[in-house]
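In the working numbering, the protein residues as written are 9 to 98. Here's the structure, in structure tokens; my notes come after.
This is the structure:
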């Protein structure tokens with residue numbers, strides 16, 4: 009998850025697309041693709057599929073993915089009132 013602009017080295021990445029397994033038939037794996045809106049560290053945005061807002065709790069794979077991401081994460085967001093922005097900690 010990096011490019012040649014230094015994104016990885018400055019540790020400023022954000023998720024814009026997620027995939028979960030929808031079906032497996034032999035060697036063929038079907039995926040559900042989800043778009044993630046929002047940017048950087050602001051805890052705002054939506055998950056959508058095909059342009060329509062998604063109710064994440066209806067997808068067991070998304071719930072499991074969110075659980076894994078939160079358990080494997082040792083950082084947090086803090087709102088800096090003097091700068092009026094969210095900043096990452098950790």
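Built from N, CA and C at the ideal position, the CB exists for glycine as well. Here the structure is a predicted model, which means the values were calculated and not measured.
Requested in this report: Look at the alpha carbon of residue 91 and the alpha carbon of residue 82, and state the distance between them as a whole number of angstroms.
Outcome: If I take the Cα positions, the gap works out to 23 Å.
Query raised in the report: Candidates 40, 64 and 71: which alpha carbon is nearest residue 32's?
Result: 40
Query raised in the report: Comparing alpha-carbon positions, which option in 74, 56, 50 and 52 lies nearest residue 3?
Result: Since the first residue of the chain shown is 9 and the last is 98, residue 3 is not available in this structure.
Query raised in the report: Just reading off the alpha helix (DSSP H) that residue 78 is part of, what are its end residues?
Result: 68-79
Query - residue 26 burial status per 10 Å Cβ neighbour count (16 or more: buried) - result: Residue burial annotation: residue 26 is buried, with at least 16 other C-beta atoms found within 10 angstroms of its C-beta.
Requested in this report: Compare the C-alpha of residue 96 against each of 76, 49, 36 and 69 and name the closest.
Outcome: For residue 96, the nearest C-alpha among the options comes from 49.
Requested in this report: Helix, strand or coil for residue 56, going by three-state DSSP, please let me know.
Outcome: In the three-state scheme derived from DSSP, where H, G and I count as helix and E and B as strand, residue 56 is classed as strand.
Requested in this report: Could you tell me which of 29, 86 and 52 sits nearest to residue 67, measuring between CA atoms?
Outcome: Ranking the options by Cα distance to residue 67, first place goes to 29.
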